[in-house]
Every structure is written in C-alpha cells, then in structure tokens.
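Asker: Numbering-wise (the working numbering), the sequence shown opens with residue 1 and increments by one.
Note that beta-carbon positions come from the ideal geometry of N, C-alpha and C, so glycine has one too.
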Amino acid sequence: MTDRKISKASSPVTSTSPRRARKPRKSLKRPTGGQIARIPVTEVFPSIEDGLWAAKAVEGESFPVRATVFREGHDRYAAEAVLIRPDGSEHMRVRMVDIAPGLDRYEAWLRPGEPGDWSFHIETWADPYETWCHDASIKVAAEVDTELMLEEGARLLERAIVGKAAHNPTQAKLDPKNAQSLREAIDMLRDKSKSAQTRLSAGLHSRIRHIMRKYPLRDLAGRSRSYPVQVDRERALYGSWYEIFPRSIGAHWQDGEWVSGTLRTAADIVPRVAQMGFDVVYLTPVHPIGTTFRKGKNNTLEASPSDPGSPYAIGALEGGHDAIHPDLGTMEDFDFFVSKAKEAGLEVALDFALQCSPDHPWVSEHPEWFSKRADGSIAYAENPPKKYQDIYPLNFDNDPKGIYEAVYAVAEQWIAHGVTIFRVDNPHTKPLAFWQRFLKQMHGEHPNIIFLAEAFTRPAMMRTLGGLGFHQSYTYFAWRTTKEELQDYFKELANDTAHLLRPAFWPTTHDILTPQMWTGGRAIYAIRAVLAATGSPTYGIYSGYECIENVPRPGYEENNDNEKYEYKNRDFEAAEQLGIAPLIRSLNRIRKAHPALQRLRNIHIHETSSPNLLAFSKHVSAEESPTGSADTVLVVVNLDPHNTTRGMVSVDIPALGLALPPAEGGRPVMRVRDELDGRTYEWGSSNYVDLWPNGKVAHVFSVEAL
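(1) At what residues does the beta strand (DSSP E) containing LEU110 begin and finish?
(2) Three-state secondary structure (DSSP) at TRP276?
(3) In the DSSP assignment, the alpha helix (DSSP H) including SER201 goes from what residue to what residue?
(4) With which residues is TRP241 paired in a DSSP beta bridge?
(5) Within a Cβ cutoff of 7 Å, which residues of the same chain sit near ILE186, ignoring the five residues on either side of it in sequence?
(6) Please list, in chain order, all residues of the same chain as ARG480 whose beta carbon is under 7 Å from its beta carbon, the five residues on each side excluded.
(7) Check ASN612 in the structure and name its three-state DSSP category.
(8) Taking contact to mean 3 or more Cβ pairs, one atom from each stretch, closer than 8 Å, check whether the region 320-340 and the region 594-605 are in contact.
(9) Using 8 Å as the threshold, is the region 502-512 in touch with the region 611-619, meaning 3 or more CB pairs across them?
(10) Return the CA-CA distance between LEU500 and ILE449, expressed in angstroms with no decimal places.
(11) When the Cβ atoms of the region 653-661 are set against those of the region 533-552, are three or more pairs found closer than 8 Å?
(12) Could you give the DSSP three-state label for TRP692: helix, strand or coil?
(13) By Cβ distance, which residues of its chain are closer than 7 Å to GLY695, with the 5 residues on each side in sequence left out?
(14) Roughly how many whole angstroms lie between the Cα atoms of HIS606 and VAL636?
(15) Under a three-way DSSP split, which group does VAL410 fall into?
(16) Assuming ASP496 is part of the alpha helix (DSSP H), what are its boundary residues?
(17) Go ahead and pull the three-state DSSP assignment for PRO431.
(18) Return yes when the Cβ of ARG423 is within less than 7 Å of the Cβ of PRO454, no when it is not.
(19) Using a Cβ-Cβ cut-off of 6 Å (strictly less than) and excluding sequence neighbours within five positions of PHE434, which residues of its own chain qualify?
(20) With contact counted as at least three CB pairs below 8 Å, one residue from each stretch, are the region 224-244 and the region 304-313 in contact?
(21) Rounded to a whole number of angstroms, what is the C-alpha to C-alpha distance between HIS619 and ILE122?
(22) Using DSSP with H/G/I as helix, E/B as strand and the rest coil, what is VAL651?
(23) Touching or not, the region 245-261 and the region 312-331, by the rule of three or more beta carbon pairs under 8 Å?
(24) Can you look up SER224 in the DSSP assignment and give me helix, strand or coil?
(25) With H, G and I counted as helix, E and B as strand and the rest as coil, what does DSSP make of LEU350?
(26) For ALA313 versus ASP390, is the C-beta distance shorter than 7 Å?
(27) If you reduce the DSSP assignment to three classes, tell me which class VAL697 lands in.
(28) Using CA atoms only, rank isn't needed, just tell me which of THR429, GLY544, PRO447 is closest to THR719.
(29) Below 8 Å CB to CB, which residues in the same chain sit around ALA494 once its five sequence neighbours on both sides are set aside?
(30) Which residue marks the beginning of the alpha helix (DSSP H) containing ARG528, and which one marks its end?
(31) Under the rule that 16 or more other beta-carbon atoms within 10 Å means buried, what is VAL94, buried or exposed?
(32) Taking all protein chains shown into account, do 16 or more other C-beta atoms lie within 10 angstroms of the C-beta of PRO169, making it buried, or fewer, making it exposed?
(33) Would you check if the region 265-279 and the region 342-353 touch, i.e. whether three or more CB-CB distances between them fall below 8 Å?
(34) Who does GLN230 pair with in a DSSP beta bridge?
(35) According to DSSP, is ALA142 part of a helix, a strand, or is it coil?
(36) List, from N- to C-terminal side, the beta strand (DSSP E) runs of 3 residues or more that fit wholly inside the region 414-489.
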C-alpha cells in the first residue's frame, strides 16, 4: 500500500513551547504479548524491523508518522502521534488525520528538537461526542428519538466539563471560559421551548466542536508501544562536500619526477573550497601506502618508481591506519590542516577504509586477521574478474574482538585530531554485526560524529546499513538519467526510505564516471550539478569536477588517468572561465539561502510536456524554517546536454505550500525569481520554458505570491 503524502499544513498541530516541557501524562495501558489493543494500531511507520532499530530524524526536521487505526462497528475514534524527548518528557502531540479514506490510514507530522535518542507512540481513543454528532444529525432530521438524542448530547458535554471519560483517568479538564460555553450549549439542548433543530445546532456549533476537539472525551483510551527515533545534528542531513586527494594539492614536477603535495600545501585549497560555499572538505586516505604489488598508472600491475600508488592500499613500514604518509607530513601537519578548515567554517571528513596493503603492520603482527588460501598465501581483494593484489581484506570472523578494538581505536584517534565525519569505504564488504556494534558504541560515546556509507550495492544492503546507524549513504543517483528514473528515485528517497537512509548525491566520484558524462561536455556537468545540489540536502563533487574532467578509461566507468594512481595538478583558474566553478558557487549560495533545499521529505514532482524537462519543487513552512519564513523553491532542468528543450511546465499550485489563489484561466498568481541569473517572471499553472545546453540549462526559482 502506498501512502498519499499530504501537506503538513492540513494536519492540526498542538505543541509545547520548546522552552517548556509538557508534564508527562499518566501512562496509558500498552498492549503486551501481542495482545491487540481495544482500538487497534497496526502497520506503524516509521519503524525499522518493528522498532528494533531507530528510525532517522534530524533536529528541526519534521517527519511523518503513519499507522492503520480502526475499530469495530461504526462509532467514531481518533488518534494522536506523541513525540517523547530523550529525558522521557513529552515534546509534542499531533492529531492524526485520515490520508486514505476507506483504508483507515492515518498520518501526523512530528518535529523533534535537539539531537538525542527520542521516541514516539500513538494514542487512540473512542470519541463519543463525534459519534453523537453523526447519529444526532441523522436522527433529529428524521424525527427519530429526538429528545433522547438531545439529552445524550447534553450529558456528553457535562462529562467534558468535569473531565470524566470512560476508562481514562487522565482526561484533561476545561478552563472556565470553555466550560461556560459548554454549559450554555447544555442549557440550549434541554430547552424544550426551542425547536429540535435549534437545540441540536447548539450542540453542533463550531465553537463547541472546537472545544470538544481540543478536550476530547477519550473513552477506551490506549496507546501503542514506543518506537525509537535517533535525532542527529543537522549536518547528518544537509551539507555540501568537496573531495580532494591531499597529495595532489601542491604537487609539482621537478627534475624529471613528481614531488608530492603535503597536508600544509593541501591547506592552501581550503579558502577556495570555503569561498565556493562548501561545508565539508573530504580527504581520501592520508596513511602510508604499501609498495608490495603497488599499482601503477590506471591500475596497471607494474608501477614505476615515481608512481605514488593507491592511497587505499593502506599500510607500510611507516605505519598503518593510525599513521600519516611521510610525503604528506606529520600528525602536526594534519592538525594544521584541520585548524585551517575549521577557521574557514569547514568540517573535515576522512576516508575510513578498512583494508590493508601487504606491508601493513597488522599483516605481520596479526596474520590471523586475514584469510589464507590453499597455498598458504594471504587472499587479496577480488571482484572477479577484477583483482586488487595491493589490498588484503580483513577477515572479521578471525579474532573479531581484536579487530574490533583496533578499528575502534583508529576511529577515536582521528576524532581526537578533529575529524567529525567519516566516509566509510565499502562498508557492504564487512559484516553487518560489526557495523551494528561499532555504530552503537560510537553513537553512545561520540554522538556528533557522522558516518557516510560508500556502498554502491544492492538495495537491501544499502537500506540495512542505513538502518543499523550509518547517517548518510551514497546512492544510485549517478545512474539515474531519464526523467522517469529521476522522478521515481527522488520520490523513493523522500517518501519511502528517508527513515532508513539519508542520500548523498554525487554526479561523479574518483571511482565513477558514468557514460552520460563522457560526451555531454560542460552542459552535462552543469545539469548533473543542479540536480545533485537541489535534489538532495547532501551532495558532493570530486575535486576537478568543475574542470570538466570527462575522459573515460577504456572499458570502465571511471576517469582515465585516475587520480587514485597518480598526482593531479589542476588549473582551477581555468575552471572559472571554461568550467562550471561559478555555477557550483551559485548553487551552494542558493542552498544556504533556501531552507527548502535543506530538507529531504518535502519534494513534489510537477508535470512537463517534454521527456527532457524535469520539474520539481521543495517547500518548508514558516514554523519549520530557521528564518521564520516559509520558503519554496521550484526547479526546472533540461536533461538533454546536446539540444535545446522547449515545453510547458504544469505547476501544481497547492503543492507549493503557499497561500496562492487558484490560477484560473491560466492567469499569473506568483512571482518566480531565477536564483541563478536574477531574472523574474510571473507564473500561473501553465508556463513555457526554453532551456539550452550552452547557456541556460536550468531554472532554480524562488517562489512568492503576487
């Protein structure tokens, strides 16, 4: 069953002030031992493995709670989603609304505050007043049991005044003003000098309905069990990443050979990365690189003396995962890089690659940590027919305690030196039980540290890694190219899996250069940058993306002259003129200015007349926006890097979340400002666009009412 997402504005919300914690209510009876509740709550969402693992949320980000709620017979009932703080106090409760009439599917949106281990549950009750409203309206109109129905209504309102609900000792009492309104309605219901319809109208008055909705008679009250929610800091959801190979920054050719860049020369790129608007600078491994079976240019088996080797072949005589490559400098130089990044407002992410070169100290110190082949040699990494002779995988089933302690100590060392984010290389090739233990302990001891799963693998593995605690995940974005593929994938990530994994969109990586990037030139790099930066709260680019590095290695979906095996000395000045550096800078500026682009669950697809036009919007309410103002962004992209695309965009006006009048007769109802070039237009429900590869590949509109 697919849930239809409705506007947050349609869900009545009552919440406590962030500064005042609501006093916990007396605990309602929870179903135990599989016993069904008096008013059943089933198919609860978000729930991972029926609540065994915590669903994902971020401070200040609303998330949907859904459940199937029903009861026997025809009497009315209601449900509320209740959000509980880490200290056990109630943060907010929201009345759930029916989003699929006839299917008993209910929804509410909850918004947590500070990071921590939160939970939610669903409370249900029979609503005798709503049942009376329905039955009395029919019976009085038909002149059936008129006096009886009017008296029953009066008695229900009397119960509300004294706060007596059947089987519910926690029924809230009314304030004096509301109690007086109910007394007046009771008097009218019993006033036989008035017509039956007049008396009934007093009990059905909007004022009375409002009071009874705010203070319902919670008969047969019950609640579901609690479901955990891990609320993380905002960077777990939103951020712009820039990836570098530190050795390439400052590398130069001297006396017929390359001289490596260092961590101090790498720090020279920090001001540029910050000026371009990025939030995270991500370093590939900085550790010593083995020499045994070192790979040469483009992964060749024979390395020349000047080939630096793959930084993923970790470990040499100088040390392993806890050491710095001598060419890069010392731990003091690493601290210098981190300090410069922090001064510029950047967080530092570091590759966490749990494999070893044949020269890694662990190979001689702990040979039992590796798998042996029949001839007694250690098994190197393989993905047949690919062979990675320069890498030995750890065997996590051999001495799991020793491996775990060593790996955890490595992570803690880098945390102590200022790393706040880890990009975990190939986590899907390690046991899930290892990650579950590791991430649980890390969450308890270092709750602000973020882990990104670099797992381009099967959906079940990706989702489970997210469910076990990875904060972010690489995705299939690079391979989603058509309008239909992108639309479906955007909706899947926003609506179906947001509680499991948070997507990070990367148009390319140092390992991935998909076929669509080979021939589209500057246009396809611009198109994919717009899609990545606006389609996901977290996105990243690999250093050189703005330089349009698009020559593929023959037979592979990766760059030729791959930086994994050599130095790259790039001309970033040329990227300002010939590349797309100005566009990247603009996209990061737009992302920071628009809270709507910093959220995941708020995307809406709009229809277009062309298969090469993709249109979608994102909206955040004033209540959720950190600026205190509602924000809506509408994005229109030409997906064809070779041809001009013209067509119509049919805007679903209500989905924009703004108080806009109906666009009758196609008249304009909103002003849209293209944040990329500053031009403004007046739009209605149907609008013409003209986008072309060598100039305007996309619109990124901010939206406001005329």
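Answerer: Reading from the atomic positions:
(1) 105-110
(2) It should be pointed out that residue 276 corresponds to Met in this sequence rather than to Trp. Three-state result, MET276: coil.
(3) 196-204
(4) VAL280, GLY540
(5) ALA154, LEU157, GLU158
(6) LEU486, TYR489
(7) coil
(8) no
(9) no
(10) 18 Å
(11) no
(12) coil
(13) none
(14) 9 Å
(15) helix
(16) From DSSP, ASP496 is part of no alpha helix (DSSP H); its letter is neither H nor E.
(17) coil
(18) First, the residue type needs correcting, since residue 454 is Glu and not Pro in the sequence shown. Yes; because the gap between Cβ atoms is below 7 Å, this pair is in contact.
(19) PHE396
(20) no
(21) 27 Å
(22) coil
(23) yes
(24) coil
(25) strand
(26) yes
(27) coil
(28) Only positions 1 to 706 of the chain appear in the structure, and residue 719 is not among them; the question remains open.
(29) LEU600, ARG601, ASN602, ILE603
(30) 521-535
(31) buried
(32) The pLDDT assigned to PRO169 is 49, lower than 50, so where the model puts this residue is not dependable, and the model offers no usable value.
(33) yes
(34) LYS56, ASP117
(35) coil
(36) 421-425, 450-454, 472-474
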